[in-house]
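Student: Residue numbers (the UniProt record's numbering): 1 to 362.
Beta carbons: idealized from backbone N, C-alpha and C, even for Gly.
One structure follows; several queries about it will come next.
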């Protein structure tokens, strides 16, 4: 990679939350940016780097300036859910397609998981780098081998996992001190609020990434601003969601801001504070899908919201479409055979947020 060429270009650093649903769109964004001539650096852990190495390598081989820097996570091999990682990688590719240098920072196992798709982007000429950050496992309090959120033995460890990501900050700062070209922007998963401190220290704008839709973000924002749930005593009581474009009625138990522990609330408060201090947010949605909610959420965020989705559309190659995360537990042909046995219109597809676990009643 021509270092002089890189030094003349815009450089974006991506911090994907180490979960497949977050990593994959982030890699797509990296590729899109790299295609515009932007240098991209992705920070993650070694295991996550290996997971996505193939797709990243293909992007690099195509000529995109994408780099992968690995951080060792606070577990021996820790990481974040694919619902966050995958769109982050998509974002990296989108940015790289614009000629921006992209650097993705993540953990070793996450780097390994997505290495294939990142490698393809790099092979195509995109300026994407994947940097794996080392981290002392004894400081995390997590079981060995938890390199991704989907590898936690229990969701009871979720808060420990989220808190552990903040231990990556000192090494990230070391990477920033030595990084060339100097970063022009940070794109951080919203689940990593501590990255706002890095943005402030190095005087770099921070853009947060939200993998869900503007409707969901507007609900959460309006619930927090209105404090309407403070007067609701029963989880089964129906309430009209405030300040929504349409009339939506839900119970407290159905809402994300329902019954939560103080520790969860404290972490949510840190994420909100980071959001308010950020330059803005990019969302994996598009205006034609939810025009009224995009407009309302932009107004709530003083127009600092940009819908760039669906970022998965950056994947044109069949391999890029197929190798975007963990291998499915079921063979694709098995699923198709099962679907062929169903009556037309009889199957409902439900996609849950990556960190959601259904209870028995659900």
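Hey, how far is the Cα of residue 282 from the Cα of residue 50?
Tutor: Counted from its first residue, the chain shown places residue 282 at position 282. Counted from its first residue, the chain shown places residue 50 at position 50. Cα to Cα, the separation comes out at about 26 Å.
Student: Can you tell which of 64, 86, 177 and 310 has the C-alpha that lies nearest to the C-alpha of residue 199?
Tutor: Position 199 of the chain shown, counted from the start, is the residue given in the question as residue 199. Checked all of 64, 86, 177 and 310; the closest Cα to residue 199 is 177.
Student: Taking the alpha-carbon positions, what's the residue 186 to residue 67 distance?
Tutor: Counting from one through the chain shown, the residue named residue 186 turns up at place 186. Counting from one through the chain shown, the residue named residue 67 turns up at place 67. Distance between the alpha carbons of residue 186 and residue 67 is about 14 Å.
Student: The alpha helix (DSSP H) spanning residue 37 covers which residue range?
Tutor: For this step, residue 37 is matched to residue 37 along the chain shown. Per DSSP, residue 37 belongs to no alpha helix (DSSP H); it is in the beta strand (DSSP E), 35–44.
Student: DSSP state of residue 114, grouped into three classes?
Tutor: Along the chain shown, one-based indexing puts residue 114 at 114. Here residue 114 sits in strand by DSSP.
Student: Since residue 88 is in the beta strand (DSSP E), which residue starts that stretch and which ends it?
Tutor: By one-based count along the chain shown, residue 88 stands at place 88. It spans 88–90 - the beta strand (DSSP E) in which residue 88 sits, taken as one unbroken run.
Student: Can we count residue 25 as close to the ligand GDP, meaning its CB is less than 7 Å from some heavy atom?
Tutor: Absence of the ligand GDP is noted for the structure shown, with no ligands found whatsoever.
Student: So, using beta-carbon positions, are residue 25 and residue 311 closer together than 8 Å?
Tutor: Walking along the chain shown from the start, residue 25 turns up at place 25. Walking along the chain shown from the start, residue 311 turns up at place 311. It is a contact, given that the beta carbons lie within the stated cut-off.
Student: Could you check where the alpha helix (DSSP H) with residue 207 kicks off and where it finishes?
Tutor: Taking the chain shown and counting its residues from 1, one reaches residue 207 at position 207. The continuous stretches of alpha helix (DSSP H) do not include residue 207, which lies in the beta strand (DSSP E) extending over residues 206–210.
Student: Give the DSSP-derived three-state secondary structure of residue 132 in the structure shown.
Tutor: Here residue 132 is taken as the residue at index 132 of the chain shown, counted from 1. Three-state DSSP puts residue 132 in a strand.
Student: Taking the straight line between their C-alpha atoms, what separation do you get for residue 297 and residue 276?
Tutor: Locating residue 297 in the chain shown gives position 297, where the first residue counts as 1. Locating residue 276 in the chain shown gives position 276, where the first residue counts as 1. Those two C-alpha atoms are separated by around 14 Å.
Student: For residue 286, which beta-bridge partners are listed by DSSP?
Tutor: Within the chain shown, numbered from 1, the residue matching residue 286 stands at position 286. Partner(s): none; residue 286 has no beta bridge.
Student: Excluding sequence positions up to five away, which residues of its chain have a Cβ less than 7 Å from the Cβ of residue 343?
Tutor: Numbered from its first residue, the chain shown carries residue 343 at position 343. Correct list: empty, nothing qualifies.
Student: Looking only at its own chain, which residues have a Cβ that is under 7 Å from the Cβ of residue 124, when we skip the five neighbours before and after it?
Tutor: Indexing the chain shown from 1 puts residue 124 at position 124. 58, 59, 61, 62, 63 and 64, listed in sequence order.
Student: Do the CB positions of residue 120 and residue 318 come within less than 8 Å of each other?
Tutor: Position 120 of the chain shown, counting from 1, holds the residue named residue 120. Position 318 of the chain shown, counting from 1, holds the residue named residue 318. No.
Student: For residue 307, which beta-bridge partners are listed by DSSP?
Tutor: The count along the chain shown starts at 1 and reaches residue 307 at position 307. DSSP output for residue 307 lists 283 as bridge partner(s).
Student: Taking Cβ to Cβ, would you say residue 48 is nearer than 8 Å to residue 107?
Tutor: By 1-based counting over the chain shown, the position of residue 48 is 48. By 1-based counting over the chain shown, the position of residue 107 is 107. Taking 8 Å as the cut-off, the beta carbon of residue 48 is found closer than this to the beta carbon of residue 107.
Student: Where does residue 73 sit, in a helix, a strand or coil, going by DSSP?
Tutor: As a first step, residue 73 must be located in the chain shown, where it is residue number 73. With a pLDDT of only 47 at residue 73, under 50, the local geometry of the prediction cannot be trusted, and the value read off the model is given with reservation. Of the three classes helix, strand and coil, the one that applies to residue 73 here is coil, per DSSP.
Student: Could you round the C-beta distance between residue 304 and residue 280 to whole angstroms and report it? I think they count as a contact, below 8 Å.
Tutor: Working through the chain shown from its first residue, we reach residue 304 at position 304. Working through the chain shown from its first residue, we reach residue 280 at position 280. Yes, residue 304 and residue 280 are in contact; Cβ-Cβ is about 3 Å, under 8 Å.
Student: By the three-class DSSP mapping on this structure, what secondary structure does residue 155 have?
Tutor: Mapped onto the chain shown, residue 155 falls at position 155. Helix.
Student: Looking at residue 19 and residue 93, is the spacing between their C-beta atoms short of 8 Å?
Tutor: Looking up residue 93 in the chain shown gives position 93. Looking up residue 19 in the chain shown gives position 19. No; because the gap between Cβ atoms is not below 8 Å, this pair is not in contact.
Student: Mapping DSSP to helix, strand and coil, what is residue 314?
Tutor: Here residue 314 refers to the residue found at position 314 when the chain shown is read from its first residue. Reduced to three states, the DSSP call for residue 314 is helix.
Student: Can you tell me whether residue 341 is buried or exposed, with buried defined as 16 or more other CB within 10 angstroms of its CB?
Tutor: Locating residue 341 in the chain shown gives position 341, where the first residue counts as 1. Classification for residue 341: exposed.
Student: Express the C-alpha separation of residue 141 and residue 110 in angstroms, rounding to a whole number.
Tutor: Along the chain shown, read from residue 1 onward, the residue named residue 110 stands at position 110. Along the chain shown, read from residue 1 onward, the residue named residue 141 stands at position 141. Approximately 19 Å, taken between the alpha carbons.
Student: In chain order, what residues of the same chain have a beta carbon less than 7 Å from the beta carbon of residue 408, not counting five sequence neighbours either side?
Tutor: Because the chain spans 1 through 362 in this model, residue 408 falls outside it and cannot be assessed.
Student: Return the chain-ordered list of same chain residues with a C-beta closer than 8 Å to the C-beta of residue 9, the five sequence neighbours on each side being excluded.
Tutor: In the chain shown, residue 9 corresponds to position 9, counting from 1. Once the five neighbours on either side are set aside, the close Cβ partners of residue 9 are 37, 38, 39, 65, 99, 100, 101, 127 and 181.
Student: So the beta strand (DSSP E) residue 221 belongs to, where does it begin and stop?
Tutor: Here residue 221 corresponds to residue number 221 of the chain shown, with the count starting at 1. Residue 221 -> not in any beta strand (DSSP E); alpha helix (DSSP H) instead, spanning 214–226.
Student: Can you check which of these residues, 208, 52, 43 and 160, is closest to residue 266 by C-alpha distance?
Tutor: Here residue 266 corresponds to residue number 266 of the chain shown, with the count starting at 1. Closest by alpha carbon: 160.
Student: Whose C-alpha, out of 348, 155, 320 and 204, is nearest the C-alpha of residue 264?
Tutor: Counted from its first residue, the chain shown places residue 264 at position 264. Ranked by Cα distance from residue 264, the first of 348, 155, 320 and 204 is 155.
Student: Give me the residue from 242, 238 and 167 with the minimum Cα distance to residue 300.
Tutor: Mapped onto the chain shown, residue 300 falls at position 300. Nearest C-alpha to residue 300: 242.
Student: How far does the beta strand (DSSP E) with residue 278 in it reach, from first residue to last?
Tutor: Your numbering for residue 278 matches position 278 in the chain shown. Run containing residue 278: none; DSSP gives neither H nor E here.
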